[in-house]
Amino acid sequence: SAVISQKPSRDICQRGTSLTIQCQVDSQVTMMFWYRQQPGQSLTLIATANQGSEATYESGFVIDKFPISRPNLTFSTLTVSNMSPEDSSIYLCSVGAANQPQHFGDGTRLSIL
Amino acid sequence: QKEVEQNSGPLSVPEGAIASLNCTYSDRVSQSFFWYRQYSGKSPELIMSIYSNGDKEDGRFTAQLNKASQYVSLLIRDSQPSDSATYLCAVNVEGSQGNLIFGKGTKLSVKP
Numbered sequence: 555s556a557v558i559s560q561k562p563s564r565d566i567c568q569r570g571t572s573l574t575i576q577c578q579v580d581s582q583v584t585m586m587f588w589y590r591q592q593p594g595q596s597l598t599l600i601a602t603a604n605q606g607s608e609a610t611y612e613s614g615f616v617i618d619k620f621p622i623s624r625p626n627l628t629f630s631t632l633t634v635s636n637m638s639p640e641d642s643s644i645y646l647c648s649v650g651a652a653n654q655p656q657h658f659g660d661g662t663r664l665s666i667l
Numbered sequence: 497q498k499e500v501e502q503n504s505g506p507l508s509v510p511e512g513a514i515a516s517l518n519c520t521y522s523d524r525v526s527q528s529f530f531w532y533r534q535y536s537g538k539s540p541e542l543i544m545s546i547y548s549n550g551d552k553e554d555g556r557f558t559a560q561l562n563k564a565s566q567y568v569s570l571l572i573r574d575s576q577p578s579d580s581a582t583y584l585c586a587v588n589v590e591g592s593q594g595n596l597i598f599g600k601g602t603k604l605s606v607k608p
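Each protein sequence line maps, in turn, to chains L and B.
My numbering numbers the first residue of the first sequence as 555 and each following residue consecutively.
My numbering numbers the first residue of the second sequence as 497 and each following residue consecutively.
Okay, structure coming up:
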């Protein structure tokens with residue numbers, strides 16, 4: 555399976571700032587996914603990123619808060635904007651395809667003060 | 497609202513026993529089912545995929561699928577302390593480009 559690298563692995567940020575998380579895959583993939591995992595909770599899909607088109611956001615997530623870029627078939631970024639303590643979570647990128655399992659990066663552990 | 501339900505546990509079993517983890521899903525048309533293991537502080541790791549009714553075995557792991565009952569389970573034989581983790585059930589969103597819905601996970605503790 556693809557090797558997925560995420561960075562930063564963790565960060566502590568101030569309220570009101572923004573952070574961009576990078577996800578690099580060692581092979582070309584069509585679909586990339588961004589998830590949030592809040593403390594003690596399961597994974598919630600934020601959006602699906604398809605190269606060459608706008609990301610598709612799930613209910614409850616908006617582009618202004620979580621802008622996503624997908625400039626090529628091996629790379630994507632997720633920005634968490636205007637952060638508040640409620641954004642403290644693990645953010646995970648993954649790759650997959652229809653009816654196939656997803657494989658995850660190591661995640662970014664984000665704490666907001 | 498598509499849902500995946502799991503007993504949150506914790507499920508505690510002695511070393512060497514069989515651990516049985518269960519999952520139900522709401523979308524009758526789902527076709528692909530996955531079990532992930534997540535150690536504390538780590539990202540989810542795929543351990544089993546199952547697509548057809550019946551059993552699928554891989555080493556100490558057996559996944560069981562019953563589409564009529566909308567039920568999927570994971571059996572872990574000869575449980576080891578290293579199996580202690582949270583197990584996440586995931587179900588595909590039919591017609592999507594690979595979206596999965598995850599259950600909340602069952603925390604398994606294997607006692608030596």
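Yeah, the Cβ is synthetic: ideal placement off N, Cα and C, and Gly gets one too.
Source: prediction; values computed, not measured.
Residue i (DSSP reduced to helix, strand or coil)
{"i": "B:Pro577", "result": "helix"}
{"i": "B:Asp551", "result": "strand"}
{"i": "B:Glu501", "result": "strand"}
{"i": "B:Glu541", "result": "strand"}
{"i": "B:Pro608", "result": "coil"}
{"i": "L:Pro621", "result": "coil"}
{"i": "L:Gln582", "result": "coil"}
Residue i: first and last residue of the uninterrupted beta strand (DSSP E) it sits in
{"i": "L:Gly585", "result": "It is worth fixing the name first, because residue 585 of chain L is Met in this sequence and not Gly. Note, L:Met585: beta strand (DSSP E), 585–591."}
{"i": "B:Phe529", "result": "529–534"}
{"i": "L:Asp565", "result": "564–567"}
{"i": "L:Ile558", "result": "558–561"}
{"i": "L:Ser665", "result": "662–666"}
{"i": "L:Ile600", "result": "597–604"}
{"i": "B:Ile514", "result": "Here B:Ile514 belongs to no beta strand (DSSP E), and DSSP marks it neither H nor E."}
{"i": "B:Leu596", "result": "596–598"}
{"i": "L:Asn636", "result": "Run containing L:Asn636: none; DSSP gives neither H nor E here."}
{"i": "L:Leu573", "result": "573–579"}
Within-8 angstroms CB hit, residue i to chain L
{"i": "B:Pro540", "result": "yes"}
{"i": "B:Lys498", "result": "no"}
{"i": "B:Ser528", "result": "yes"}
{"i": "B:Trp595", "result": "Checking the displayed sequence, the identity of residue 595 of chain B turns out to be Asn instead of Trp. True, the Cβ-Cβ gap to chain L drops below 8 angstroms."}
{"i": "B:Gly555", "result": "no"}
{"i": "B:Leu604", "result": "no"}
{"i": "B:Lys607", "result": "no"}
{"i": "B:Leu507", "result": "no"}
{"i": "B:Gly550", "result": "no"}
{"i": "B:Lys600", "result": "yes"}
{"i": "B:Ser592", "result": "yes"}
{"i": "B:Asn588", "result": "yes"}
{"i": "B:Leu571", "result": "no"}
{"i": "B:Leu517", "result": "no"}
{"i": "B:Leu457", "result": "Residue 457 of chain B lies beyond the stretch modelled for chain B, which goes from 497 to 608, so this question has no answer here."}
Any chain B beta carbon closer than 8 angstroms to residue i
{"i": "L:Gln582", "result": "no"}
{"i": "L:Pro562", "result": "no"}
{"i": "L:Asn653", "result": "yes"}
{"i": "L:Leu627", "result": "no"}
{"i": "L:Thr631", "result": "no"}
{"i": "L:Asp669", "result": "Because chain L in this structure spans residues 555 to 667, residue 669 of chain L falls outside the shown range and cannot be described."}
Residue i at chain A interface by Cβ criterion, 8 angstroms
{"i": "B:Ser545", "result": "The chain labelled as chain A is not found among the protein chains of the depicted structure, namely L and B."}
Segment contact, 8 angstroms Cβ cut-off, at least three pairs: the stretch 556–573 of chain B with the stretch 508–521 of chain B
Touching, yes.
Meets three-Cβ-pair contact criterion under 8 angstroms: the stretch 645–655 of chain L and the stretch 581–594 of chain B:
Yes: the two stretches touch, three or more of their Cβ pairs being nearer than 8 angstroms.
For the 8 angstroms Cβ check, are there 3 or more pairs between the stretch 636–643 of chain L and the stretch 561–573 of chain L?
Yes, the stretch 636–643 of chain L is in contact with the stretch 561–573 of chain L.
Kindly confirm or deny that the stretch 596–605 of chain B and the stretch 558–565 of chain B touch, where touching means at least three C-beta pairs closer than 8 angstroms.
Counting Cβ pairs under 8 angstroms, fewer than three are found: no touch.
If contact is defined by three or more beta carbon pairs under 8 angstroms, each pair taking one atom from either stretch, is the stretch 578–585 of chain L in contact with the stretch 617–636 of chain L?
A contact exists between the stretch 617–636 of chain L and the stretch 578–585 of chain L.
The stretch 589–600 of chain L / the stretch 608–620 of chain L touching (three or more Cβ pairs under 8 angstroms)
Pairwise C-beta distances place the stretch 589–600 of chain L in contact with the stretch 608–620 of chain L, as three or more of them are shorter than 8 angstroms.
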